[in-house]
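Numbering (the working numbering), first residue to last: 1 to 86.
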């Protein structure tokens, strides 16, 4: 989906919410999530990388903190996405 289509979709959604009487929301936590992707040739390589990432959290947090004044790394999670052809 291109940016124009995405903006149009948000716009339609906002119009429906407005026509339905509006909405209220409450922010309970301020966070931004980023999910970089890494591809590996084997599951063993992926597992080794995941273990390394978890073990290096403090160093990754420190490096991330030295690159921005707008946030602080507070948590990391490793997840697996399987993509299958049909």
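For each residue, glycine too, the CB sits at the ideal point set by N, CA and C.
Once the 5 residues before and after residue i are set aside, which same chain residues still bring their CB inside 7 Å of it?
{"i": "residue 32", "result": "71"}
{"i": "residue 17", "result": "23"}
Our contact map puts residue i next to residue j with C-beta atoms below 8 Å; I'd like the distance itself, whole angstroms only.
{"i": "residue 80", "j": "residue 60", "result": "With a Cβ gap of about 19 Å, residue 80 and residue 60 do not count as contacting."}
{"i": "residue 76", "j": "residue 49", "result": "That belief does not hold up - the Cβ atoms of residue 76 and residue 49 are roughly 13 Å apart, past 8 Å."}
Measure the alpha-carbon distance for residue i versus residue j and round it to whole angstroms.
{"i": "residue 54", "j": "residue 15", "result": "43 Å"}
{"i": "residue 82", "j": "residue 19", "result": "40 Å"}
{"i": "residue 39", "j": "residue 7", "result": "30 Å"}
{"i": "residue 62", "j": "residue 37", "result": "20 Å"}
{"i": "residue 68", "j": "residue 35", "result": "17 Å"}
{"i": "residue 78", "j": "residue 52", "result": "11 Å"}
{"i": "residue 66", "j": "residue 21", "result": "45 Å"}
{"i": "residue 25", "j": "residue 11", "result": "18 Å"}
{"i": "residue 47", "j": "residue 27", "result": "35 Å"}
{"i": "residue 42", "j": "residue 9", "result": "38 Å"}
According to DSSP, is residue i helix, strand or coil?
{"i": "residue 18", "result": "helix"}
{"i": "residue 9", "result": "helix"}
{"i": "residue 40", "result": "coil"}
{"i": "residue 60", "result": "helix"}
{"i": "residue 50", "result": "helix"}
Near residue i, what residues of its chain come up, given a Cβ to Cβ distance below 8 Å and the 5 sequence neighbours on each side ignored?
{"i": "residue 45", "result": "none"}
To which residues of the same chain is residue i closer than 6 Å at the C-beta, ignoring the five residues directly before and after it?
{"i": "residue 64", "result": "73"}
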